[in-house]
Amino acid sequence: MLSIFVLLLRIFLMIVLFSFLVWTIYTLWRDLKIQSQILLTKKIPIISLYSESDPSLEKVTFSKAEVSIGRDDSCDIPLTEETISNRHARLTYRHMHWWVEDLLSTNGTYLNDERVETPTILITGDELRIGKTILVIDIQPVE
Amino acid sequence: MNLAAVFLFVGCVILTFAPAVRFHTWQVEYRWQQWVGFVVWLFGFSFVYRQANRFLPDRDPYLLPIISLMVGWGLLTIFRLDPVFGYRQTIWLSICLAGFIIGLRIPGLLSILRRYKYIWLTLGLLLTLFTFFYGTYPGGKGPNLWLGCCGIYLQPSEFLKFLLIIYLAAYLADSLPSKFRLIRLLTPTLLVAGSALLILIAQRDLGTAFLFIALYAVVIYLASGKRRVLLFSFITVLCALIAGYLIFDVIQLRIEAWLNPWLDPNGRSFQIVQSIISVANGGIFGRGIGLGSPGVIPIAHSDFIFPSIVEETGLFGAVALVILYAFFTIRGFSVSLHAPNQFQRFLAAGITAFIITQSILIMGGTIRLLPLTGVTLPFISYGGSSLVTSFFSAMLLMIISNQAEDQPAVIYQSKPYLFIGTVFLAGLVTIVVLTTWWIVVRADGLLARNDNPRRFISDQYVQRGKILDRNNKILAETLGEPGNYTRVLHYPPLSAVVGYSNSNYGQGGLEASMDAVLRGVQGNSLFTIFSTRLLAAQYPVGLDIRLSLDLQLQQIADSLMQTKKGGLVLLNAETGEVLVMSTAPSFDSNSLQTNWETWKASDDSPLLNRVTQGQYPPGAATGGLVLAQMLARATLPVSIPSANWSVSQNESDYCAVFPGANPTWEKLISSGCTAALTMINKSIQPTEMFSFYQQIGFFDQPDIPVESVELVTQKFVETYNSLFTGGSDLLVSPLQVAVAAASLSNGGMIVSPQIATAYLSPNDVWLLFPAKNAPLQLTATNSDAAAALLSSGTFPGWEILAVAKTESGKVDWYVAGTPPEWQGTPLTIVVALENSTPRAAQNIGRQVFNAAIN
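Which chain is which? The protein sequence lines are Z and V, in order.
Using our numbering, read the first sequence as starting at 1 and increasing by one per residue.
Using our numbering, read the second sequence as starting at 144 and increasing by one per residue.
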């Protein structure tokens, strides 16, 4: 009699243990879902880059969160200068700002004539110098 | 969090009632001690939870519940194993919880750790160094890894692991601004390698040394993203392992026990074998908290806590525990990836790697995935230093995870984190797979092993079946109170036959061969067996068995044999039932504890059952059978050899007893005159004789559930001429002679002997054991005529006396049986005495025989 009672307790014990695990998995999954939904609803301010010195470069506009600059063809902004590294710099949108980040390039990236050592926030009108190319930033605020 | 509390509450309730289930009664001492631990755990963690909400509102929400569940589960298991350790662990837990709360209030704890990294490391190294001089082992004799004072013992190497992580994280964060250079790693490499080597050499602590190198490799790899770091460390560990194997006994022992544990299961690989048996005993559902026997593994509360948990909560528990560690891995690395700066990132990753590597090491060690290393299972094992270290690590992890604004530092490479995380998770999955394998595939074989003490533990709580004689007189039964049952043999001279079932000496005789029935796992319905195993982790109540032995005749035989050395067996010639099986000298299975060694060393070998294990040359004892064969061919020479028959063993015309003047053939044979038999034998080809002996079963052991020996006979044909004097290499047991001779009283039928005849089924009906072999009719043999010829004089049957030479002297045979025209139960008796006289054998045999037929 008692042993059956204890058996029921043992089964209950396992149920509780696994409900703990299921609860953990469920909340983890829910967090993930909410986070991805938040990310979906977040709108990225459109960034445009154009060159004042070199009119041959057309004004380029991006609505995604990551823009790469370099000599490589796969880059979003391919620049064909010899002083520019294959993957030279990266513009990323996070924490409500656009950031510029040097990808360990040989000759460095300069923002308003200062070398970019750590990721730095960009605002409209900033001048980004890569090699000899100077790119002007234009960020359109989100409505 | 609340679910964790419910889990522990239920666990505590189960443990409280566990003794009652074991003893099958309510009048037991219930276990209350674990409630102390539960209360401390409950209040401690609720307080910590509230404090954490206050100081770390944005921490990772999963870490604290996971840790609280693991700590509580561990505490419960420790209380279940040994309440003394449980109380100590409770004290340590309170210290840890208090430390946790204080640690939360220290602002900038992380930067303090970072800034004074060299001080911490030096302190750690110094403390570890102290153990070389002042090290002790709290349990008495063992590795000196502890520093102790006033009843409190600390294991500095535990702290050192942790301090090393802090140092590495701080160093790498400071010296790796953007580019990675191997030369920068020189200092930490030397430090780590030095301390690991020191620990390995001076303390033979394989686990900690390995952990050092593994942690170092993981942290550097995460920081640099260079796989060759892992490869290099792996090679280093392998080299260290091989070097350690060649130099140190301890490491050699561990590795050998890992590679081949079955070679020395009672010595060097005792721990690992017991650990695996324990896991196997757990099964899928577990034996229930407080109902298993994990206490039989040495240091179950510390290193071997994983098998203890698996034994009592089964595969389900094992899977749950591993999932908890997997959660910890995932959350740990996610904290690391979200850390605001490199130092905190490396620190979080290092801490996670430390906890998980150590868990995999010891869990894998206990299920033979890896060599056994003496590290603890973090959060669960008993051990103050281990608990403090794990708690402090967890606290740092939570502080790191508490990031108000989500702004992780730049990450150079995320691949290493994924890679290491995958490796850890794969390790955990492997542990589950291997545990499943032990539980599902290997369990039956493992549990049936003789060194599994659980069967004897179960015997103390459950009635074993009785052993009865043919008239239902009790020969052996289980007496005492539940929990303290002992096996008693009421008639000790039968010790060699009935045997023993003893936790120290194993099982012997019928107790061993009929164990399945006596233990109730054979004969009971599968449902009964399954439900008792499931409900109380015990075997069902055993079934009684009935033997063919007749206690009254047995007593007569034993009193006659008392002063002799040899065996006596009385068979029912028709059914093969053994009525008497007496061997002398004998032992007493009730007093194995006091006399085992004496008996084992004795020259008289009292533990031997001479009826089935005695190996004697049959000599002229087979004369009756040879005569029966000759009569069937009708080639008995008409002229009787006249010789000077003598009873002196050196003469060629030797007889066991004097056949009288002008003896007949039958007189010569029944007197054991070897020369007469050899003369007859000349007309029979050795190969014919060989196949005849094969028919009467001289080359096979009788199928009887009592110990017997393997037979070896190779030179039968070469030594054929001395077959009847004892010079042949043919050796048989008295039981074999009896089975063969029974054919003379049974019209030439060979029956297989049987001793256990029936068992009492659960519905109180005696059921017969199925007969093994059908009787075999001897071909070309005239048994009836031979028996009739040999039956003469006053004795109511036929009888043969014989003497055969043995290595250590001689054996005296007396073989007799009822005549063919006998109206009652046909009987055959065989007496074999070592270095006695044929007349003494005849005297004993006749008395038993007469008692049996009257």
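Backbone N, C-alpha and C define an ideal beta-carbon position, used for all residues, glycine too.
Here the structure is a predicted model, which means the values were calculated and not measured.
Mind reading off the beta-carbon distance from V:L661 to V:G608? Whole number of angstroms is fine, and I expect it under 8 Å.
4 Å
Count the other CB atoms, across all protein chains shown, that sit within 10 Å of the CB of V:H1034; report buried if there are 16 or more and exposed otherwise.
Because chain V in this structure spans residues 144 to 997, residue 1034 of chain V falls outside the shown range and cannot be described.
Against chain V: residues of the region 1 to 18 of chain Z by CB proximity under 7 Å
Per Cβ criterion, the list reads L2, S3, I4, V6, L7, L9, R10, F12, L13, M14, V16, L17, F18.
Have a look at V:Q177 and V:F599 and give me their C-alpha separation to the nearest angstrom.
27 Å
Would you identify the three-state DSSP class for Z:K132, choosing helix, strand or coil?
coil
According to a CB-to-CB cut-off of less than 7 Å, which residues of the region 631 to 645 of chain V neighbour chain Z?
none
Which residues in chain Z sit within 7 Å of V:L212, going by Cβ to Cβ distance?
F20
From which residue to which residue does the alpha helix (DSSP H) around V:N906 run?
That residue, V:N906, is in no alpha helix (DSSP H); it is neither H nor E in DSSP.
Report the option in V:I245, V:F476, V:L589 whose CA atom is closest to the CA atom of V:V566.
Of the listed residues, the one whose Cα sits closest to V:V566 is V:F476.
Alpha carbon to alpha carbon, how far is V:A679 from V:Q844? Give it in angstroms, no decimals.
40 Å
For V:A679 and chain Z, any beta-carbon pair shorter than 7 Å?
Taking Cβ atoms only, chain Z reaches closer than 7 Å to V:A679, which makes this a yes.
Which ranges would you report for the alpha helix (DSSP H) in the region 619 to 682 of chain V if only whole runs of at least 4 residues count?
Qualifying alpha helix (DSSP H) stretches, in chain order: 638 to 641, 652 to 656, 658 to 661, 669 to 679.
Tell me which same chain residues have a C-beta within less than 6 Å of the C-beta of V:L878, skipping the five on either side of it?
V712, V754, T755, P845
Under a Cβ-count criterion, where at least 16 other Cβ atoms within 10 Å of its own Cβ denotes burial, should V:D227 be classed as buried or exposed?
For the record, residue 227 of chain V in the displayed sequence is Val; it is not Asp. Exposed, since its Cβ has fewer than 16 Cβ neighbours within 10 Å.
Would a check of beta-carbon distances place Z:T24 closer than 7 Å to chain V?
yes
Under 7 Å Cβ-Cβ, which residues of chain Z neighbour V:I466?
Neighbours of V:I466 across chain Z, judged by C-beta separation under 7 Å: L21.
At a CB-CB cut-off below 7 Å, which residues of chain Z make contact with V:F470?
T24
Residues bridged to V:Q920 (per DSSP):
Looking at the DSSP assignment, V:Q920 forms a beta bridge with V:M892.
Determine, for V:A106, whether the minimum Cβ-Cβ distance to residues of chain Z falls below 7 Å.
Nothing in the structure corresponds to residue 106 of chain V, since chain V is present only between 144 and 997.
Within the 7 Å Cβ cut-off, does V:V149 reach chain Z?
yes
Min CB distance V:F355 to chain Z below 7 Å:
By this cut-off, V:F355 is not an interface position.
Near-chain Z residues of the region 204 to 237 of chain V (beta-carbon distance less than 9 Å), N- to C-terminal order:
P204, Y205, P208, I209, L212, W216
Taking only the alpha-carbon atoms, compute the straight-line gap between V:I847 and V:V894 and give it to the nearest angstrom.
12 Å
Chain-order list of residues whose beta-carbon lies under 6 Å from that of V:W235 (same chain, five-residue window excluded)
Result list for V:W235: G527, L530, in chain order.
Distance, Z:T83 Cα to V:S321 Cα
With a pLDDT of 48 at V:S321, under the threshold of 50, the predicted position of this residue should be treated as unreliable, though the coordinate-derived value follows. Their backbone Cα atoms lie some 21 Å apart in a straight line.
Please name the residue, chosen from V:P208, V:F188, V:R202, V:Q194, that lies closest to Z:S19 on a Cα-to-Cα basis.
V:P208
Using DSSP's beta-bridge definition, name the partner residues of Z:L91.
According to DSSP, which records beta bridges pairwise, Z:L91 is partnered with Z:V67, Z:V100.
Given that a residue counts as buried once 16 or more other Cβ atoms are within 10 Å of its Cβ, and exposed if not, what is Z:M96?
exposed
Take Z:I121 as the anchor and find which of Z:W98, Z:I69, Z:Y110, Z:S36 has the nearest alpha-carbon.
It is Z:W98.
Quick one: what does DSSP say V:K743 is sitting in, helix, strand or coil?
helix
Can you find a C-beta in chain Z that's less than 7 Å from the C-beta of V:G649?
no
Quick one: does V:E850 have its CB under 7 Å from some CB of chain Z?
With 7 Å as the cut-off, V:E850 does not count as an interface residue toward chain Z.
Where do the ends of the beta strand (DSSP E) carrying V:R689 lie?
It spans 688 to 690 - the beta strand (DSSP E) in which V:R689 sits, taken as one unbroken run.
Reduced DSSP secondary structure (H/G/I, E/B, other) of V:Y797:
strand
V:R989, DSSP secondary structure in three states:
Per DSSP, reduced to three states, the secondary structure at V:R989 is helical.
Does the distance from the C-beta atom of V:T971 to that of V:A885 stay below 7 Å?
yes
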